[in-house]
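Visitor: In terms of our numbering, the numbers along the sequence shown are unbroken and rise by one, the last being 633. C-beta: ideal position from N, C-alpha, C; glycine also. For reference, the structure I am asking about is given below.
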Amino acid sequence: MARNKAMSVLMCGTFDPNFGRNRQLLRLMKSRNMNVTVKNFSLWSSNKVADVRQGKIQRALRAVAVYGQLAAVLLSQTLNPRRRPSVVLVPHPCQFDAVVVGALCRIVRVPMVIDYFVSLHETVVDDRNIVSSTSLTAKVLRSVDALSVKLATLILADTPEDIEAFARETSTAPSKWRTVWVGADSEIYAPVVAAPTPEKVVLFYGTYIPLQGIDFIVRASLLLPKEYRIRLIGDGQERPRIEKIIRELNAPIELLNSVSETDLPAKIAEASVCLGIFGTGAKSSRVIPNKVFQCMAMGKAIITADTPAIRNHLDHAVATVPAGDPQGLANEIVALLQDDVRLRALETDSRKLFLEKFGDNQIAPLLMEALQAASGKVPVSREAPLTAMAHLRAPLVQRALLLLQPKSILEIGIGQGAFSTRLAQWGQYVGVEPDLASGAVAAERLSHFSDAEFRSGGLEQIQPYETFDLVCAFEVLEHIDDDAEALRSWVEHVNEFGSLIVSFPAHQKRFGAADIAVGHHRRYDRKDIDQLLNAADLELINVYPYGAIGGHALEFVRNALLRQRSGKVASMNSATSASGRLFQPNGRLMGKIISVIATPMKVLQRPFLHTSVGVGWVVVARRKRGTL
């Protein structure tokens, strides 16, 4: 408790403090005696309709003014030693705020935690269909999503399923994310004994958006006995469409406007059974909505769509039906309300599971742990600058990491550790490097990662019993005389269901002065890859060429620069040792310049990823089953 008391949080942004998720986070922090300062600035005036009618210039000027205020408050708080927070928390909607706040937090070296909660791109493009996926707006939203996550020290989300999707969408290591369940305010949502009613009320409440699948609820009402009554409470984007469907079908639906949160528990208590969500979109499959947690807290029986998130976390405590199935929903409503024993059992189970897993005593520690983890980290970019050629490999390696989702990684021959700083974000990391000069740089870079370990030397530094989810080696194999034997020795450290990522230069006919100068024994044609993998009991997952066009230009320049040096190499070993130090960016400014230069090259190589055109290969493979 003493640690929590000493910790201070600045909760700032353009958020609505009355939004359920934001109010919940604030309440949980205060319940743990944390020192929380709230600074929120609305992008909207009291008259939202008038704001919408304003021209784009007026709204842009208002946004500039609001973010100027936000920046001024943030700086005043963080630059004052007496008020400096341990961590800055940016609540939902966080993304645009996080770009401004995150940039400033980097400058003043204060960690930033964001509550990602929903993806801007998914909400606007996929969920609500407001703009086309190919529009400029969609591209901007996707970029803002990714940048907000990159700037954050740590990111909160409401389910593990959301984390998996968001991490993949933003190309982020899952280890940077934490699950904090939505839960419910137990002071508001608690069991209430309601007066019995002759009608069987089936209650839905919430915002009218596609996620909810309200049209399926309306169609289900047509299939229910007359003594059953579906009551809809709420407003939102889709309400006019839903009202039209109700009129056209003459559906027996009771429509009510939104009610205050203080009045909502009484409406829930009156219901015989409560409904969750029934939308068929990808988002619907990953979330557990507020209403489900709130009804669980009140000990109500709930029917909702059968989704991975529900199945994984609430399976026995709620009744489920296929998403988008009015007949199935109607059948389940009737079956449940005609089986009093099952109904009471569900009510008991929902309340019990809420108390065991989703109450304040369970969610608050998750939030505290996340904030504490972030508070000890200095928000600087921990990713070391890459060479131009490494930039061309990076997106292909990132693609593989998102596919494999490794929890433990061994990297062999890490050089100065530039790529290591990206791998170490995924989980437990071990890197080995025999060159002392390169290793010293790598060790310092990895010191910023709590789960990263550097070992000076080669593979002999890895104990025979140590195995990993993933073994990596980038531009190493071509330096080894017996490459087949080396690869087999690496595979010994891949666990039973593990994988391997390697990269090496492509096409023996391109062997030139630069290869000699840096200690290469060979380059690899496509057929060589299959032979190597077969000899090491590996099966191919993917192989990508990298460096089409841009890499060819870089290789031309490198050959020209190293042509004279190729005849002066003392030994292959010395050339190999020095190769990890060649062309490395000297400082972050040079790293930024190289990054800018490499960006169009990464775009140019994309059309060639399924060809053999390039200057190198990125190979993703796994152990053949039963070879451990």
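Can you give me the Cβ contacts of residue 52 inside the same chain, cut-off strictly under 7 Å, excluding the 5 residues immediately before and after it?
Guide: Any reading at residue 52 needs caution, since the residue's pLDDT is 48, under 50, leaving its predicted position unreliable; the model's value is listed next. Cβ neighbours of residue 52 beyond the five flanking positions: none.
Visitor: Apply the 10 Å Cβ neighbour rule to residue 66 and answer buried if 16 or more other Cβ atoms are within range, or exposed otherwise.
Guide: exposed
Visitor: Could you check what DSSP says for residue 120 in three-state terms: helix, strand or coil?
Guide: strand
Visitor: In this structure, how does DSSP classify residue 303 when only helix, strand and coil are distinguished?
Guide: coil
Visitor: If I follow the unbroken beta strand (DSSP E) through residue 438, where does it start and stop?
Guide: 433–438
Visitor: Pull up the CB-CB distance for residue 183 and residue 152, whole angstroms please, since I reckon it's below 8 Å.
Guide: With 8 Å as the limit, residue 183 and residue 152 do not qualify as a contact, their Cβ atoms being about 20 Å apart.
Visitor: Around the C-beta of residue 261, are 16 or more other C-beta atoms found within 10 angstroms, so that it is buried, or is it exposed?
Guide: Residue 261 counts as exposed, since fewer than 16 other C-beta atoms from the protein chains shown sit within 10 angstroms of its C-beta.
Visitor: Alpha carbons only, please: which of 305, 335, 190 is nearest the one belonging to residue 198?
Guide: 305
Visitor: With residue 599 as the anchor, note down where its alpha helix (DSSP H) starts and where it stops.
Guide: 593–610
Visitor: Any contact between the region 244–259 and the region 284–296? By contact I mean 3 or more CB pairs, one from each, below 8 Å.
Guide: no
Visitor: At what residues does the alpha helix (DSSP H) containing residue 34 begin and finish?
Guide: 25–36
Visitor: Where does residue 502 fall in DSSP's three states?
Guide: strand
Visitor: From residue 530 to residue 601, what does the alpha carbon distance come to, in whole angstroms?
Guide: One C-alpha to the other measures close to 30 Å.
Visitor: May I have the straight-line CA-CA distance separating residue 628 from residue 589, to the nearest angstrom?
Guide: 33 Å
Visitor: Tell me whether the beta-carbon of residue 293 lies closer than 8 Å to the beta-carbon of residue 318.
Guide: yes
Visitor: Can you grab the Cα-Cα spacing for the pair residue 45 / residue 96, in whole Å?
Guide: 10 Å
Visitor: Where residue 74 and residue 17 are concerned, what is the direct C-alpha to C-alpha distance, given to the nearest angstrom?
Guide: 11 Å
Visitor: Mapping DSSP to helix, strand and coil, what is residue 187?
Guide: coil
Visitor: Just the C-alpha distance for residue 266 and residue 145, rounded to the nearest angstrom, thanks.
Guide: 35 Å
Visitor: Which first and last residues belong to the alpha helix (DSSP H) in which residue 394 is found?
Guide: 393–409
Visitor: Determine, using beta carbons only, whether residue 228 and residue 327 come nearer to each other than 8 Å.
Guide: no
Visitor: Which residue from 232, 296, 231 puts its Cα closest to that of residue 238?
Guide: 296
Visitor: Is the CB-CB distance between residue 441 and residue 425 below 8 Å?
Guide: no
Visitor: Assess, as a yes-or-no matter, whether the region 532–552 is touched by the region 610–628 under the definition of 3 or more beta carbon pairs within less than 8 Å.
Guide: yes
Visitor: Under a three-way DSSP split, which group does residue 419 fall into?
Guide: coil
Visitor: Could you give the DSSP three-state label for residue 613: helix, strand or coil?
Guide: DSSP places residue 613 in the helix class (H, G or I) of the three-state scheme.
Visitor: Out of 474, 430, 515, 459, which has the shortest C-alpha to C-alpha gap to residue 495?
Guide: 474
Visitor: Helix, strand or coil: which one does DSSP assign to residue 132?
Guide: helix
Visitor: First and last residue of the alpha helix (DSSP H) that includes residue 327?
Guide: No alpha helix (DSSP H) contains residue 327, which DSSP labels as neither H nor E.
Visitor: With 16 as the cutoff for other CB atoms within 10 Å, does residue 502 come out buried or exposed?
Guide: exposed
Visitor: In the DSSP assignment, find the unbroken alpha helix (DSSP H) run with residue 379 in it and report its ends.
Guide: 365–380
Visitor: Quick one, which of 564, 398, 98 has its alpha-carbon nearest residue 515's?
Guide: 564
Visitor: Under DSSP, the beta strand (DSSP E) around residue 444 begins and ends at which residues?
Guide: That residue, residue 444, is in no beta strand (DSSP E); its alpha helix (DSSP H) goes 441–451.
Visitor: With distance defined between alpha-carbon atoms, name the residue in 187, 233, 217 nearest to residue 241.
Guide: 217
Visitor: Taking DSSP's pairing of strands, which residues face residue 458 in a bridge?
Guide: 435
Visitor: Return the chain-ordered list of same chain residues with a C-beta closer than 6 Å to the C-beta of residue 525, the five sequence neighbours on each side being excluded.
Guide: 483
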